[in-house]
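Below: the structure, in structure tokens.
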Amino acid sequence: MKDTASKEIWFITGSQHLYGEETLKQVAVNSRVIANSLDEDSTIPVSIKHKGVLTTPDEIYQALMEANAAENCIGLIAWMHTFSPAKMWIRGLSILSKPLAHLHTQFNEEIPWGEIDMDFMNLNQSAHGGREFGFMLTRMRKNRKVITGHWKSEAAREKLGTWARVALGWDDLQGMKIARIGDNMREVAVTEGDKVAAQMKLGMAVNGYEVPDLMQWINGVSDKEINHLIEEYEASYLMASQLKTGGGARAALQEAARIEIGLEKFLKNGNFKGFTDTFEGLGDLAQLPGIAVQRLMAKGYGFGAEGDWKTAALLRAMKVMGTGLDGGTSFMEDYTYHFGKKESLVLGAHMLEICPSIAAEKPKCEIHPLGIGGKADPVRLVFGSPAGPAINVSLIDMGNRFRLLVNEVDARQPEQDLPKLPVARVMWKPQPSLEIAASAWILAGGAHHTVYSQSVNTEFIEDLADIAGIELVVIDQNTRLREFKDLLRSNEVYYHVFEKGW
Ligand code: MN
152 MKDTASKEIW
162 FITGSQHLYG
172 EETLKQVAVN
182 SRVIANSLDE
192 DSTIPVSIKH
202 KGVLTTPDEI
212 YQALMEANAA
222 ENCIGLIAWM
232 HTFSPAKMWI
242 RGLSILSKPL
252 AHLHTQFNEE
262 IPWGEIDMDF
272 MNLNQSAHGG
282 REFGFMLTRM
292 RKNRKVITGH
302 WKSEAAREKL
312 GTWARVALGW
322 DDLQGMKIAR
332 IGDNMREVAV
342 TEGDKVAAQM
352 KLGMAVNGYE
362 VPDLMQWING
372 VSDKEINHLI
382 EEYEASYLMA
392 SQLKTGGGAR
402 AALQEAARIE
412 IGLEKFLKNG
422 NFKGFTDTFE
432 GLGDLAQLPG
442 IAVQRLMAKG
452 YGFGAEGDWK
462 TAALLRAMKV
472 MGTGLDGGTS
482 FMEDYTYHFG
492 KKESLVLGAH
502 MLEICPSIAA
512 EKPKCEIHPL
522 GIGGKADPVR
532 LVFGSPAGPA
542 INVSLIDMGN
552 RFRLLVNEVD
562 ARQPEQDLPK
572 LPVARVMWKP
582 QPSLEIAASA
592 WILAGGAHHT
602 VYSQSVNTEF
612 IEDLADIAGI
622 ELVVIDQNTR
632 LREFKDLLRS
642 NEVYYHVFEK
652 GW
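Each residue of the sequence shown is one higher than the one before, counting from 152 in the numbering used here.
Right, dumping it as structure tokens:
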């Protein structure tokens, strides 16, 4: 996973010269205290750099231009300590290309009842200074995250931390290289899309490769490398007896290891952050990559099956956002329903490619027939996933815009064992119910492929949609179908009017 230590967020403070030098000195001291305090907080996984108090149009323009140009600056936090007349901000904000969070806070937590006088009032004007700044951004139609709360509060810091993580994901998306190995699964619609538009709106570059590009790496793998990786498999997983030394499918395990090593070399050599494959275009690959894809996802690579490059890029970005947080993030597919007497559930899985970052227990390493694709039986990791809140996210191309669709779900332990199911799996109850959620999902055009995450929640996806300037639609416990249909219709008008340059 990417090293985030070199990344930073700039903390800028707005003021003006009206109040005199003494006040401005205090503003500078206070803003440094806040910036340093945020810098030391591990909730925010990126260093916060204090960039001073901006009091003139030229200072503002200069600072924001420098932020744009600074490779390691992934976003800015702006705070209006006092009133900062916002026409001063127009020139700077009009060129700002980095994510922006407006921290609407003030230095003091409570009003000093016995002490408050006009000097105090002049120094602490965030309540109206933040509104002036906010008006300008809204007037300019600039997306940003607005966080209101005292800067010491956990709630405000968690929101900043979420936004900072999304800014890291956004930074990772810019110039992200996705290798699309083989084309799409034939005739499938939802995994298609406009790659030029995706690069313009989201930053990732998706380019095509073929299995022969991969085979030179796979064929070059040595027996020593294969044996070394199999030792790692044996130390990490419960091996099926056929896959053990002397077992009937040992050669298939060696082939799976060869594919994993070759695929990883191909990805590293090309500096790719994600990839897709397709079971209809496996060329000389002996088996559909199963354990290889699962383990590469766990290492942080994005993946989409059947040519699904949008999900591959989204998965990678969400893995970056969730780095270090509890819970995993995986490629997922709504596979089969359980229309239960008490409640209805979804069994999520894929043919093979579920990331072991969401495993609840030590995975089993198994081999079974696939039934489609016409290749040898693939080796895969089989496991269940822990109960708890999660989201499913789909990125779809609506023809004039991208839509991010989220469904909040509750992962459940399956009511009974599934002894014959040969793939990793998750059971979940969608919010507010399967009946409403699946109808809403289908009305919104959501894909069968998703990114499933227990580390990243809806707020992350909301921040991502705002930074990218794309549509967000959420299905949660408050979703009602009639209102949901109206939301889709009104969004249709909004994007018809405002979407530029598709
Ligand atoms: Mn699929």
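All C-beta atoms in this analysis are idealised placements derived from N, C-alpha and C, irrespective of residue type, glycine included.
Take every Cβ of the segment 554-562, pair it with every Cβ of the segment 590-604, and state whether three or more of those distances are shorter than 8 Å. Yes, the segment 554-562 touches the segment 590-604.
Element boundaries [beta strand (DSSP E), containing residue 165]: 159-165
Check for me: the alpha helix (DSSP H) holding residue 219 runs from which residue to which? Residue 219: member of the alpha helix (DSSP H) spanning 208-220, first to last residue.
Rounding to the nearest angstrom, what Cα-Cα distance links residue 629 and residue 520 in this structure? 42 Å
Continuous alpha helix (DSSP H) stretch holding residue 279: start and end: 277-290
Under 8 Å: does the beta carbon of residue 382 sit that close to some heavy atom of the ligand MN? no
Pull up the distance between the alpha-carbon of residue 500 and that of residue 575, whole angstroms please. 6 Å
Examine the ligand MN and report whether any of its heavy atoms sits within less than 8 Å of the Cβ of residue 459. yes
Residue 448 beta carbon near the ligand MN (any heavy atom closer than 8 Å): no
To the nearest whole angstrom, what separates the beta carbons of residue 661 and residue 195, a pair I think is in contact under 8 Å? The structure shown has nothing for residue 661, since the chain only spans 152 to 653.
Cβ neighbour criterion (16 or more within 10 Å) applied to residue 332: buried
For residue 152, three-class secondary structure by DSSP: With a pLDDT of only 38 at residue 152, under 50, the local geometry of the prediction cannot be trusted, and the value read off the model is given with reservation. Three-state result, residue 152: coil.
Which residue comes first and which comes last in the beta strand (DSSP E) that contains residue 578? 576-581
How is the beta strand (DSSP E) around residue 545 delimited, first residue to last? 539-548
Quick one: what does DSSP say residue 180 is sitting in, helix, strand or coil? helix
Going by beta-carbon coordinates alone, are residue 477 and residue 427 separated by less than 9 Å? no
Compute every distance between the C-beta of residue 456 and the non-hydrogen atoms of the ligand MN, then say whether any falls below 8 Å. A distance criterion of 8 Å places the beta-carbon of residue 456 in contact range of the ligand MN, judged by its closest non-hydrogen atom.
CB of residue 197 within 9 Å of CB of residue 250, strictly: Their beta carbons are not under 9 Å apart, which means residue 197 does not touch residue 250 by this criterion.
Our contact map puts residue 227 next to residue 160 with C-beta atoms below 8 Å; I'd like the distance itself, whole angstroms only. That pair is a contact at about 7 Å.
For the segment 546-553 against the segment 333-350, do three or more pairs of beta-carbon atoms, one drawn from each stretch, fall closer than 8 Å, so that the two count as touching? Using a C-beta cut-off of 8 Å, the segment 546-553 makes contact with the segment 333-350, since at least three inter-stretch Cβ pairs fall below that distance.
Do residue 449 and residue 508 have their beta-carbon atoms positioned less than 9 Å apart in this structure? In this structure, the beta-carbon distance from residue 508 to residue 449 falls below 9 Å.
Name, in chain order, the residues that DSSP records as bridge partners for residue 603. 481, 543
Does residue 487 come out as helix, strand or coil in the three-state DSSP assignment? Note: residue 487 maps to strand in three-state DSSP.
Alpha carbon to alpha carbon, what distance is there between residue 215 and residue 244? 7 Å
Flag this pair as touching only if the segment 418-427 and the segment 462-471 have three or more C-beta atom pairs under 8 Å; answer yes or no. yes
Any beta carbon of chain D sitting closer than 9 Å to that of residue 338? The chain labelled as chain D is not found in the depicted structure, where only one protein chain is given.
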